[in-house]
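K.L.:
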Amino acid sequence: MNCEQAIATIDHYFDEELKQLPDEAKQHLAQCHGCSQYYIAGRKAETISSRIRHESFRLNDPETITNRIMNSIKDHPQQQDDSRDGYLVLFFQNNSLRKLIAAAAIILFAVFSYEQYIILDKVNHLEYQTFQRSEDLRWEMSAMKTYQQIRSIQSSIYAGMIQQDREKQKKKSGIIRLLINKNDADITKLIQADITWPARRPLPGSGH
Amino acid sequence: MPDNLKDIIQAVKRGNEEAFRLLINRFQHKAFGLAFRILGDEEEARDVVQESFIRIWEKINTYKTNEKFSNWMYKIVSNRAIDVIRSRQRRPVSYFSAEQNLIDKFQDDKVLEDVELENRELGQLITLLTKSLPEKQSLVFSLRDLQGMDVDEVMAISGQTESQIKSNLHHARKSIREKLYTLLNYESKLK
């Protein structure tokens, strides 16, 4: 070990990073006056510090100091705490409260996340239902339209049939009038027209 | 009058002077001990105690009960002591011969440990150690090695981080070792 290494080791030792000096360093100190003087200086500094640390320093005249202070404060009014966020700072400086707030935040986040998931699920379900219903309605409206068209066609067919019946009735009335007037030519003409006459009933006792 | 510290402080916050007298009686020796360990001068330390308690009276409403009162007080005392050190640096004085005499006197560590010393001599030893240290190093060294505070307390009072304290303490101790080494070597050369 050279002097530079020995000094570094002594520094570590007095910085409380080493519990005791390594043997290698001790051997160097036994041979090197300069380094051993440096080590002695460190020990002396520790001894002086320890002596001062264990000394109980007290004021010789505490009453005099107290009275001086009490007389002086009359000229020094107390200042008010103007930090508006004093309680807020106190609140956040409290370690237990910080942990409690963090835990509450995590729980609230979890609850709201779950609620949001449930709501979104419901909205999706409703959207699907609405879509299905609108599809059904569209189909129903289309069916209704078709039905109306069919009804309309039926109506026109019925109207046509009524008109035909009327015309046939009119022709029958004309034939009956002609039969009454006994005009054979007109009767033949009418009979040749496409009129279905009701089947003649057999007379009672005719043998048919 | 309340004797519980919390009640005393509440009373002081309401402007009760008698409660403040109780507070002074309870803490003035501790305040003096710290000021003396930083400054090494009894008269200066007394002045610092006086000024610090006036400051405590003025600022008591900013004191938050979640902080240890003694730490809050030590912060005020150490700030005032640092102000005194700064004002000293404007009038530098050489103490080398005085320091040499001191080292000669306490050459034997047993003498240093066993003999009853006056405040004046102890103050000289403090000055011997801390004089010429930068103020941050001087404060950390005084709080940790001379006052015996733990790192958490030093952090609360000095406002430095743990790594800053470690670094300042390392440099302060090394400077002191080197200074004492110079004084010891100087003596050995004379012999």
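Chains as they are written, first to last, in our numbering: chain C, 1 to 208; chain Y, 1001 to 1191. Even glycine gets a Cβ: it sits at the ideal position worked out from N, Cα and C. As the structure is a computational prediction, the values presented were derived from the model and not from experiment.
Counting only Cβ-Cβ distances shorter than 7 angstroms, please list the residues of the region 12 to 40 of chain C near chain Y, keeping chain order.
P.N.:
Listed by position, the residues of the region 12 to 40 of chain C near chain Y (Cβ gap below 7 angstroms) are F14, D15, Q37, Y38 and I40.
K.L.:
Kindly list, in the order they appear in chain Y, the residues whose Cβ is closer than 8 angstroms to that of C/I106.
P.N.:
Those within 8 angstroms of C/I106 in chain Y number zero; the least Cβ separation is about 25 angstroms.
K.L.:
Quick one: using the 10 Å Cβ neighbour count with 16 as the cut-off for buried, is C/Y35 buried or exposed?
P.N.:
A small correction: the amino acid at residue 35 of chain C is Cys; Tyr does not occupy that position in the sequence shown. Looking at its Cβ environment, which holds 16 or more other Cβ atoms inside 10 Å, C/C35 is buried.
K.L.:
Ends of the alpha helix (DSSP H) at C/S56?
P.N.:
It is not in any alpha helix (DSSP H) - C/S56 carries neither H nor E in the DSSP assignment.
K.L.:
What does the alpha-carbon distance come out to for the pair C/I69 and Y/I1060?
P.N.:
Answer to the nearest angstrom: the Cα atoms are 15 angstroms apart.
K.L.:
My understanding is that Y/L1125 touches C/I52, with C-beta atoms under 8 angstroms, so please give their C-beta distance in whole angstroms.
P.N.:
That belief holds up - the Cβ atoms of Y/L1125 and C/I52 are roughly 6 angstroms apart, short of 8 angstroms.
K.L.:
Measuring straight from C-alpha to C-alpha, what distance separates Y/R1080 and Y/V1048?
P.N.:
Taking the straight line joining both Cα atoms gives about 6 angstroms.
K.L.:
Determine whether the Cβ of C/E55 lies closer than 8 angstroms to any Cβ atom of chain Y.
P.N.:
So yes, C/E55 belongs to the interface.
K.L.:
Is Y/Q1160 buried or exposed, if buried means 16 or more other CB atoms sit within 10 Å of its CB?
P.N.:
Looking at its Cβ environment, which holds 16 or more other Cβ atoms inside 10 Å, Y/Q1160 is buried.
K.L.:
Which two residues bound the contiguous alpha helix (DSSP H) that contains Y/L1125?
P.N.:
First-last of the alpha helix (DSSP H) with Y/L1125: N1119 to T1130.
K.L.:
Which residues in chain C have a C-beta closer than 7 angstroms to the C-beta of Y/H1170? List them in chain order.
P.N.:
Chain C residues near Y/H1170: D15.
K.L.:
Out of curiosity, what's the CA-to-CA distance linking Y/V1143 and C/S113?
P.N.:
Per the sequence presented here, residue 1143 of chain Y reads as Leu, with Val not at that position. So the alpha carbons of these two residues sit roughly 51 angstroms apart.
K.L.:
Hey, could you find the ends of the alpha helix (DSSP H) C/T66 is sitting in?
P.N.:
C/T66 -> alpha helix (DSSP H) spans P62 to S72.
K.L.:
Give the residues of chain Y in contact with C/L120, contact being defined as C-beta atoms less than 7 angstroms apart.
P.N.:
What C/L120 touches in chain Y: nothing, since even the nearest Cβ is about 44 angstroms away.
K.L.:
8 angstroms is my cut-off, CB to CB: does Y/K1174 come that close to chain C?
P.N.:
Chain C contact via Cβ: present.
K.L.:
Buried or exposed for Y/Q1137, please, with buried defined as at least 16 other CB atoms from any protein chain shown within 10 angstroms of its CB.
P.N.:
Y/Q1137 should be labelled buried.
K.L.:
Smallest Cα separation from C/E63: which of Y/R1021, Y/E1042, Y/S1078 and Y/Y1074?
P.N.:
Among Y/R1021, Y/E1042, Y/S1078 and Y/Y1074, the Cα nearest to that of C/E63 belongs to Y/R1021.
K.L.:
Give me the Cα-Cα distance between C/E127 and C/S155, rounded to the nearest whole angstrom.
P.N.:
When rounded, the distance between both Cα atoms is 41 angstroms.
K.L.:
Nearest chain C C-beta to Y/V1049 closer than 8 angstroms, yes or no?
P.N.:
Answer yes: the Cβ-Cβ gap between Y/V1049 and chain C drops below 8 angstroms somewhere.
K.L.:
Following the continuous alpha helix (DSSP H) through C/Q76, name the residue where it begins and the one where it ends.
P.N.:
Inspection of the sequence shows that residue 76 of chain C is occupied by His rather than by Gln. First-last for C/H76: undefined, no H or E at that position.
K.L.:
With respect to the alpha helix (DSSP H) encompassing Y/R1026, which residues constitute its N-terminal and C-terminal limits?
P.N.:
Note, Y/R1026: alpha helix (DSSP H), E1017 to L1039.
K.L.:
According to DSSP, is C/G160 helix, strand or coil?
P.N.:
Correct three-state label for C/G160: helix.
K.L.:
Give a yes or no on whether 8 angstroms exceeds the smallest Cβ distance from C/L97 to chain Y.
P.N.:
Judged by the 8 angstroms Cβ criterion, C/L97 is not in contact with chain Y.
K.L.:
So C/M70 contacts chain Y; which residues on that side make the cut at Cβ distance below 7 angstroms?
P.N.:
Going along chain Y in sequence order, the residues near C/M70 (Cβ under 7 angstroms) are E1017 and R1021.
K.L.:
Give, in chain order, every residue of the region 125 to 145 of chain C whose Cβ lies closer than 7 angstroms to some Cβ of chain Y.
P.N.:
So the list is empty, because no residue satisfies the distance condition.
K.L.:
Let me check understanding here. Comparing Cα to Cα, which of Y/F1141, Y/I1009, Y/I1103 and Y/L1183 lies closest to Y/Y1062?
P.N.:
Reading the sequence as shown, one finds Thr at residue 1062 of chain Y and not Tyr. Here the closest residue by C-alpha is Y/I1009.
K.L.:
What number of angstroms, rounded off, separates the C-alpha of C/L59 from the C-alpha of Y/H1029?
P.N.:
The straight-line gap from Cα to Cα measures roughly 6 angstroms.
K.L.:
Restricting to Cα atoms, I'd like to know which of Y/R1177, Y/N1185, Y/L1184 and Y/L1139 is closest to C/I7.
P.N.:
Of the listed residues, the one whose Cα sits closest to C/I7 is Y/R1177.
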